[in-house]
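Notes follow the structure.
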Amino acid sequence: MKTPGKVLADKVRAIGEAKIFEVRSESLPTWCPGCGYFGIHQGLNACIKELGMPLHKVVTVSGIGCAGRYPFFTRTYGLHTVHGRTLPVATGVKMANPDLTVFAVGGDGDGLAIGGGHLPHVARRNVNINYLLFDNSIYGLTKGQPSPSSPLGMTSKASPYGTLDKPLNATLMALTYGASFVARLFAGDPKGITNALLEGARHPGFSIFHIYTSCVTFDKSFKTWEHLKEWVHPLPKDHDPTDLRQAFDQVLQDDFSVGVIYKRG
Amino acid sequence: MKTPGKVLADKVRAIGEAKIFEVRSESLPTWCPGCGYFGIHQGLNACIKELGMPLHKVVTVSGIGCAGRYPFFTRTYGLHTVHGRTLPVATGVKMANPDLTVFAVGGDGDGLAIGGGHLPHVARRNVNINYLLFDNSIYGLTKGQPSPSSPLGMTSKASPYGTLDKPLNATLMALTYGASFVARLFAGDPKGITNALLEGARHPGFSIFHIYTSCVTFDKSFKTWEHLKEWVHPLPKDHDPTDLRQAFDQVLQDDFSVGVIYKRG
Amino acid sequence: MPGVDVTVEVCGMAGDGTIAAGGMINDAMSHGGFSVLGFDSYPAEIRGFGRCVTRSRVGDREIRALDEATHVLISLNDEESKSRVPVLTRDCVVLFDSNPPVLVEEDRSLVAILDPETRLFPMPFGDLAAAAAGTQRGRNLVALGGFAAVCGADPELFREAIRAKFKAKSQSVLQANLKSFDAGYAYALEKFHDRLLTMFASADLPKGPEKVMLSGNMAIGKAALDAGLKLYFGYPITPATPIMEYLARELPKRGGAVVQMEDEISSIGAVLGASYAGKRAMTATSGPGFALMTELITHGVMAEIPAVILNAQRGGPSTGLPTKTEQSDLHAAVFGGPGDSYRIVIAPTNVTECYYYTVKSFQLAEKYQTPVIVLTDFYLDNRVENVPMPEAREEDVRDGNIYPNVSAGEPYKRYLRTESGISPRSIPGQAGLQFTATGLEHTERGKPDYSARNHMEMSAKRFRKIQGALADLPEPEEYAPDGPLSVGVIGWGSTFGSALEAVLAARERGLRVGALKITSLYPYHEAAIRKFTSRCEEVLIPELNYSGQLISLIGRLCRKEAIPLNLATGEPFPPSLIRKKIEELAEAGAQ
Amino acid sequence: MPGVDVTVEVCGMAGDGTIAAGGMINDAMSHGGFSVLGFDSYPAEIRGFGRCVTRSRVGDREIRALDEATHVLISLNDEESKSRVPVLTRDCVVLFDSNPPVLVEEDRSLVAILDPETRLFPMPFGDLAAAAAGTQRGRNLVALGGFAAVCGADPELFREAIRAKFKAKSQSVLQANLKSFDAGYAYALEKFHDRLLTMFASADLPKGPEKVMLSGNMAIGKAALDAGLKLYFGYPITPATPIMEYLARELPKRGGAVVQMEDEISSIGAVLGASYAGKRAMTATSGPGFALMTELITHGVMAEIPAVILNAQRGGPSTGLPTKTEQSDLHAAVFGGPGDSYRIVIAPTNVTECYYYTVKSFQLAEKYQTPVIVLTDFYLDNRVENVPMPEAREEDVRDGNIYPNVSAGEPYKRYLRTESGISPRSIPGQAGLQFTATGLEHTERGKPDYSARNHMEMSAKRFRKIQGALADLPEPEEYAPDGPLSVGVIGWGSTFGSALEAVLAARERGLRVGALKITSLYPYHEAAIRKFTSRCEEVLIPELNYSGQLISLIGRLCRKEAIPLNLATGEPFPPSLIRKKIEELAEAGAQ
Ligand SMILES: Cc1ncc(C[n+]2csc(CCOP(=O)(O)OP(=O)(O)O)c2C)c(N)n1
Ligand SMILES: Cc1ncc(C[n+]2csc(CCOP(=O)(O)OP(=O)(O)O)c2C)c(N)n1
Ligand code: SF4
Ligand code: SF4
Ligand SMILES: [Mg+2]
Ligand SMILES: [Mg+2]
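If you read the protein sequences in the order shown, they are chains A, B, C and D.
For reference, each letter of the first sequence is one residue, going 926 to 1190 in our numbering.
For reference, each letter of the second sequence is one residue, going 926 to 1190 in our numbering.
For reference, each letter of the third sequence is one residue, going 4 to 594 in our numbering.
For reference, each letter of the fourth sequence is one residue, going 4 to 594 in our numbering.
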């Protein structure tokens, strides 16, 4: 018999060892076992590999949060900034050296709450940054407060009587801001993430990847793996990502279709 | 013959004396003669009058900018905050005392640039604030830099070779954020402003009034009175403001239709 | 040691029930009438494992700080416990699992590296629990039973604590836990009958008032409620989050509301808005969030709007050490705003003061129409002390606002330049007293005015006002014999408790030394501080920061240069370190 | 007055061509070989009217500040000019429009309230302009013509200045202006032939190098270009905006870019990102924006990322007095960050230093891997001085980065704890030297680590590093005779010029006094400051803030308490005020 702690430790090691990426750092991600972020990690690592980018020409910029810890789990150059400033800092990096491939990663609190004021402008400027928004609809690192994308009525220590505010739709916001490449993805589908990332990384302009994922430790009832698996589905076959109006229509009528939603020609 | 300064001074006085509102402060607005803000001032003053609100139960909260100077030009309680924080501060005022009628006023730089991160959240929370966004697509008080709603290619001292960023559409943003009352208006039509304000002020929730106006001093070519007068027109007769999809469609296809665009039943 | 003064540690891996066990020790000993101060440390990372350590200092006299030395270690995980060896006393008592879930080789075990004099008490925690309650989950309670028996603590106190803790849970759970405890107790009594100790047999326990276990954060939350808080606006951040979560549960019951805002800027913004509108409002944050509030705090200073801002300090700079303690935001709190933007800054030194100063801060903010910053730190926020339940006095919660009474016709001057600098303030809703609050320099009537004379006079008014607050702010307290002192120690925040313990210990060794507690950091009581330093041969200022921030603030008030004792370790300040330094200085002086 | 030292004012309403006239006086006199310092004040409000005043001090010796007294007033609008009467010398020369566009009643006219001794020169500005060029627009040039004739300035200098100013415009405009000037000149020569003055006939004008008229802001902009700035990120704010606007025009020509960001937080964020990526980047702001940058500045300190931040101070706190000057952000610049977040803070004292210190700041930021804050103020930013065109030396623009050379295999330690505290830094793109820069406390390899020992050592490293920068920072400069001084004046920023003028004046009156210029505000040169203060009977520290921020920073370095001389007027510090205080102190000392 082993202590629970031990069991978890083994689980994490297993998850880590299951896949061998040169891209990921020797040190294992400190995310909780089962966290959706492992899937995103897998997807991005594969993308960087396929891009054939030398790791020293890739910079991963992040904010603060469990998602923000990402740079420590990769072998690219990393910049772990402060909470919410992922995009402005990434803008500086990319403008300083356009030869660098820049991935910006952050959580929904980082990107939609404290950092929500930057997204419209990085989208307008169309700086060639690839932004992965890890949307677990919760504040993970601070142990489970509601986020701007949390559903109405979600209860937590910080909202014992349920949240009262309508959730924000990051994909719709990106379209509204005029982002030139918009994808909605699911952490449970690393392959899908890799493909969208490859397309977005090659797109000459700002690309946002709004990724539904789950916080297994602090969200036991809403955005669980079970629910997400059930809700998420591919975009309609005939979806034309070059048509902005179609993109709006799609997003306005369906919250859970995933794929490349819009791409400016 | 008189000095130019004298002529202007007289103009302002004239503008001021032309209309007698009890609501406006004895001191004349310090806006430039011909500034679109006089029309908004007229529209809001008339609204407060018609609401029959005792002035001591009305609070005008503003940020910094020419628009931000508004509270000094009215006899209500005023709170001239810092640049970009109009909405959070107004939220505090309203939540502290729901008996107060709260008008929040600010410019496009105040509300879409430095303060752009607050609009999504005040809209989500649906706090019963009436927000007038004075959109002249320029930074007036700081003497003419481009703003987030300035057109592509706009030249100014700060953008001698023309701006490169796509303008933001405040009305579309408000809809995207889930604002429960959204009107788009024109400073050249004070009566229209008064009517929309009356409707919005009576609406139990957050109301945003996106008002096209002109900075006659620093914008000689783009959003001039002449152009605005030419571009702006009423919403289609059959527009149904209670239908969100219709509201989106309307805004996505027409930048210059004015009136009450959306109102959640 | 004279009387009882025992530091007990429980160390394990997350999931071992470490924190729960430590909590029950605190509760049990508190019920037993002892003074208790406890502080836990968690793993820095989220994921469900990593080291947990609880430290409880238990004594029959008032306890003001934790010290380094640990007398009893209860090891729920030997691998993790090895890290604790450096702090164990030579004759330390160690209870450990003789048949642990994860076996480690002899030579790499905890026992292998312990000092030979260590008193070892091996017990099969897991097996006993399984036998008693059918599951190993109760390992931690077995360990507690062993602890009670071996160290001579009244088992009934623990049973009480267990009942209290699990009363919400099902009977079966409660019974299982009691059984596990009793199993451990019985086993140890019998197995170690010839080596049982009596660490907690204290003749004269002060029969004070009934005590409660309170953390700094809970004391602050309760204070806000008792002070009549109406609105809390905040954004989660360690270590301030528990205050928001406590109020989110309690405030609505009193007709108030907690709003989680989009960031710290909007949080302080909403607090200013609500205070301007006449309601009590507050926010709590830590360094990074506090930095973001800087601009609006200066707006509160200029527009003269009340606000209560709690800054729960953590290791810095920047994101720094979110789960560690530090006192390095003093400069930012006092000097952190552009312009001549003085405001009130107070720092409690223990859990009880966390309560009273938080209560007081609302009234101060109202009366002096200014942001009031309450500075705590991770250690103070998260440690628990058993204290008499603090209760605010009526005069401390009373409305601090001073309202204008303007005779008809005469214009209302919101920013009237009075002698005190305080200008009667109207609240929206009051008829005929409209004004505009502004961050621009303004006339007495609140109109923008940049003329030289006006700015000079208004600057003077604002400065005068804040200095005037000294009358209502807690004076520095001396803990010293009369006459000259060889060493005077000045402490603030959580470090003061450590400083006082050190001074008392040094005095017991016959040294003429004293301590000065400063809780009003801006404005501060110059005369009182000078009075103390003037009779000190040497002034020692220990702080949990690298550069000595209190020294740079008040150093000039010392006859000769004050001596800094700075730690940037993220750990509570050990009294013993201060004591050593005091002795060193005293000797040097004696020569 | 010995030699030439004349202060000329032009006062009018916006639209009168006041600012243009003042500018031409500066240019003309500069061409004439005089030293010139000019400072204009605009109406605070936007709208196209309000008072404009230009002040130009012209002399045959170096000029370091404006003083209060005005010797010549050119009134383009009598109503507005009335406000200037208090600063006019008794025998002041006043040129005014004898047939103004707006007539005011005799008894309310400017002339009515002037001192009888005033030397009046009425001229029909408008009529003469109309007659000469067919339009009254040239009123201001007629006035300049009158000024040249009356005060004895070489008209050719003005014609040059006019040609230079209007060369871009059409010939007809140029001619019209020249005609207006000549008309005024001729009229005055003839009309006042019996009362003409010779204020500018200076025997020995120092034949120095060719001089240019530069404002502080232009000097800063040019410095950034010469230093090889690649990216400017900023958000408009008075008084820093002109820097952004200048660079927006010039930087693209050098392959760089100016990006107007959405706020100051994103501005400093992008600067940090660009600097991390190895390019020279900067931002410029003022108090309110600087406050918003606080959090990310501390991130630069912790993650050790270069950044150049210019804070153009204005009246505060909060939005304060946007168009007035003040030195009240010193505390915020030095102490304004949570945590032990020390960084480099330098403050130029004149236009030339604005250039050299801005150039230097990039190299300092690179070498010491830290945010460098350059503090200026409204007065310094907007005043013009005629100075030899400053040119950076190669060694000042040279790359300040120290790159790692890691022998294969051995791991790269980004945050290596060297003796100097400086750790060689790799730049993205350099192979095999990847690391993660973080605001969390970290190991030498950049991995998060909150252990006590690591935090202590890293805090020491960062502190050591910044203190080490003293070697590269400008030493305080003494302007004093050897031996003991009755009064020593310490000045910083724009106030130093006033302090030095005051000291020199006092010395001419035989007082043993001296001045110390401090431009490195953090870290600062303790020894050098002590060396100076130790020989001063009294130390006087004049500052443009209410509370004495430099005093609270370095006061402890003075033998006895330094004496503050604080003004919160929003106006440049008048040397005469300092001189009076010096004399007062010197006398008191003498007794
Ligand atoms: C200025 C500031 N405010 C607050 C915090 C505390 N904090 C750290 S992470 C976080 C939010 C985490 O949520 P999210 O961004 O969704 O990331 P996740 O942990 O879910 O991946 C907060 C509030 C901080 N570090 N800095
Ligand atoms: C934190 C901060 N940054 C910058 C400024 C300078 N500033 C004042 S108003 C303004 C923008 C004005 O434009 P807008 O908001 O559109 O208002 P308008 O003047 O056009 O009415 C700016 C950048 C400031 N006062 N505070
Ligand atoms: S707390 Fe939630 S988001 Fe953070 S690592 Fe654990 S599962 Fe993932
Ligand atoms: S500057 Fe522009 S916006 Fe400001 S008052 Fe004048 S016209 Fe209006
Ligand atoms: Mg999240
Ligand atoms: Mg605008």
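Glycine is no exception: its CB is placed at the ideal position from the N, C-alpha and C atoms.
So residue i contacts chain C; which residues on that side make the cut at Cβ distance below 7 angstroms?
i: aspartate 1035 of chain B; result: The contacting residues do not exist; aspartate 1035 of chain B stays about 13 angstroms from chain C at best.
i: lysine 170 of chain D; result: Near lysine 170 of chain D there are no residues of chain C at all, since even the closest Cβ is about 36 angstroms away, more than 7 angstroms.
Just to make sure I have the definition right: I need the residues of chain A whose C-beta is within less than 7 angstroms of the C-beta of residue i. Which are they?
i: aspartate 185 of chain C; result: Those do not exist, as aspartate 185 of chain C stays about 22 angstroms from chain A at its closest Cβ, beyond 7 angstroms.
Listing by chain order, which chain D residues have their CB less than 7 angstroms from the CB of residue i?
i: histidine 334 of chain C; result: Phe338
i: isoleucine 989 of chain B; result: Thr322
i: valine 1007 of chain B; result: Pro291, Ser321, Thr322
i: asparagine 970 of chain A; result: By Cβ distance, chain D contributes nothing, its closest Cβ being about 14 angstroms from asparagine 970 of chain A, past 7 angstroms.
i: tyrosine 1064 of chain B; result: Pro239
How close, in whole Å, do the beta carbons of residue i and residue j come, if the pair is a contact with beta carbons under 8 angstroms?
i: serine 579 of chain D; j: aspartate 70 of chain D; result: 6 angstroms
i: alanine 597 of chain C; j: valine 492 of chain C; result: Because chain C is modelled from 4 through 594, residue 597 of chain C falls outside the range shown and cannot be assessed.
i: proline 479 of chain D; j: phenylalanine 535 of chain D; result: 7 angstroms
Could you work out which residues of chain A lie near residue i, taking near to mean beta carbons separated by less than 8 angstroms?
i: glycine 342 of chain D; result: Per Cβ cutoff of 8 angstroms: no residues; glycine 342 of chain D is ~12 angstroms from chain A at best.
i: histidine 897 of chain B; result: An answer regarding residue 897 of chain B cannot be provided, because it is not within the stretch 926 to 1190 covered by chain B.
For a contact meaning CB atoms closer than 7 angstroms, what does residue i contact in chain B?
i: glutamate 248 of chain D; result: Lys1082, Ala1083
i: arginine 456 of chain D; result: Chain B residues near arginine 456 of chain D: none, gap ~39 angstroms exceeds 7 angstroms.
Which bits of chain D does residue i rub up against, with CB to CB less than 8 angstroms?
i: threonine 1067 of chain B; result: Pro239, Ile240, Thr241, Thr244
i: glutamine 967 of chain B; result: The premise fails here: glutamine 967 of chain B is roughly 17 angstroms from chain D at the closest Cβ pair, so nothing lies under 8 angstroms.
Please list the partners that residue i has in chain C, where partner means a Cβ-to-Cβ separation under 9 angstroms.
i: threonine 1026 of chain B; result: In chain order: nothing, as chain C lies at least about 10 angstroms away.
What does residue i touch in chain B if you count any residue whose Cβ is under 8 angstroms from its own?
i: alanine 273 of chain C; result: Pro1013, Val1014, Thr1016, Gly1017, Met1020
Residues of chain D with CB under 9 angstroms from residue i, in chain order?
i: glycine 977 of chain A; result: Ordered by position in chain D, no residue passes the 9 angstroms Cβ test against glycine 977 of chain A, which lies about 15 angstroms from the chain.
Cβ closer than 9 angstroms: which chain B residues qualify as neighbours of residue i?
i: glutamate 590 of chain C; result: Per Cβ cutoff of 9 angstroms: no residues; glutamate 590 of chain C is ~55 angstroms from chain B at best.
Note down, in chain order, every chain C residue with its Cβ under 8 angstroms from the Cβ of residue i.
i: valine 984 of chain B; result: Ala280, Pro431
Any residues in the segment 1109-1129 of chain A with a beta carbon nearer than 8 angstroms to a beta carbon of chain B? Which ones, in chain order? none
The segment 21-33 of chain D touching the segment 536-545 of chain D, judged by at least three CB pairs closer than 8 angstroms: The answer is no - the segment 536-545 of chain D does not touch the segment 21-33 of chain D, with fewer than three Cβ pairs under 8 angstroms.
Beta carbons nearer than 9 angstroms to chain B: which residues of the segment 259-271 of chain C have them? Ala260, Val262, Met264, Glu265, Asp266, Ile268, Ser269, Ser270, Ile271
Which residues, taken in chain order from the segment 1092-1104 of chain A, show a beta carbon closer than 9 angstroms to some beta carbon of chain B? Pro1092, Leu1093, Asn1094, Leu1097, Met1098, Leu1100, Thr1101, Tyr1102, Gly1103
Sufficient close CB pairs (3 or more, under 8 angstroms) joining the segment 132-148 of chain D to the segment 181-197 of chain D: Counting Cβ pairs under 8 angstroms, three or more are found: they touch.
Is it the case that the segment 1129-1144 of chain A contacts the segment 1063-1072 of chain A, given that we only count it when at least three CB pairs across the two stretches are under 8 angstroms? yes
Using 8 angstroms as the cut-off, can you tell me whether the segment 305-318 of chain D makes contact with the segment 358-368 of chain D, which would need three or more C-beta pairs spanning the two stretches below that distance? yes
Below 9 angstroms between beta carbons is the criterion; list the residues of the segment 208-241 of chain C that meet it against any residue of chain B, in chain order. Lys233, Leu234, Phe236
Residues, ordered as in the chain, of the segment 1171-1183 of chain A that lie near chain B by beta-carbon distance below 7 angstroms: Phe1173, Leu1177
Pairing CB atoms from the segment 64-78 of chain C with CB atoms from the segment 499-510 of chain C, are three or more of them under 8 angstroms? The count of Cβ pairs closer than 8 angstroms, one atom from the segment 64-78 of chain C and one from the segment 499-510 of chain C, reaches three, so the stretches are in contact.
Three or more C-beta pairs below 8 angstroms linking the segment 220-234 of chain C and the segment 148-160 of chain C: no
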